[in-house]
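Below is one structure; the comments refer to it alone.
Spelled out as structure tokens, the structure:
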């Protein structure tokens, strides 16, 4: 159960295809109350409740379909695929990813009109970064941007 909670808490997750996920404390008389928090915020309410009350496991493919994980890979490709995803994110402008992550989670807790107002301010702030200007110029000139990472 704690493993499923950990995965549900992560920003991104990759699993090997034989991985199974479950919150099966109910099988021994212990309802998985704390894993429930992260799980119920990452998959549908009905599926989370089913997992919590039956103690059944789901496959990696089911976890991907439900949005608990991002990718399912073969065990022999696990490290490579994980590194590729990390490198893809690391190749982006770090400050943009940083403020984007912060804004992503903050806006989830807001009413939609407030979320649009907030994210509009975040985007305006992001547009003021010198590196963002370079990225837009690269896009307009049909070339890849080169970032000076902080």
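Residue numbers (the working numbering): 20 to 169.
Even glycine gets a Cβ: it sits at the ideal position worked out from N, Cα and C.
#1: Mind checking residue 158: buried by the 16 CB within 10 Å criterion, or exposed?
#2: Taking only the alpha-carbon atoms, compute the straight-line gap between residue 78 and residue 105 and give it to the nearest angstrom.
#3: Just to confirm before moving on: does the CB-CB distance between residue 45 and residue 84 stay below 8 Å?
#4: May I have the straight-line CA-CA distance separating residue 34 from residue 54, to the nearest angstrom?
#5: According to DSSP, is residue 37 part of a helix, a strand, or is it coil?
#6: Quick check on residue 82: buried or exposed, where buried means 16 or more other Cβ atoms within 10 Å of its Cβ?
#7: Considering only residues of the same chain and omitting the five flanking positions on each side of residue 88, which have a CB-CB separation below 6 Å?
#8: Can you check the segment 70-152 for any beta strand (DSSP E) of at least 3 residues that lies completely inside it and give the ranges in chain order?
In short:
#1: On the chain shown, residue 158 is found 139 positions in, with the first residue counted as 1. Exposed.
#2: In the chain shown, residue 78 corresponds to position 59, counting from 1. In the chain shown, residue 105 corresponds to position 86, counting from 1. CA-to-CA, the gap between residue 78 and residue 105 works out to about 24 Å.
#3: Your numbering for residue 45 matches position 26 in the chain shown. Your numbering for residue 84 matches position 65 in the chain shown. Their beta carbons are not under 8 Å apart, which means residue 45 does not touch residue 84 by this criterion.
#4: Locating residue 34 in the chain shown gives position 15, where the first residue counts as 1. Locating residue 54 in the chain shown gives position 35, where the first residue counts as 1. Cα to Cα, the separation comes out at about 18 Å.
#5: The residue you call residue 37 lines up with position 18 of the chain shown. Reduced to three states, the DSSP call for residue 37 is coil.
#6: As a working mapping, residue 82 is identified with position 63 in the chain shown. Flag for residue 82 reads buried.
#7: By 1-based counting over the chain shown, the position of residue 88 is 69. So the list reads 32, 34 and 82, once near-sequence residues are dropped.
#8: 76-78 and 90-92
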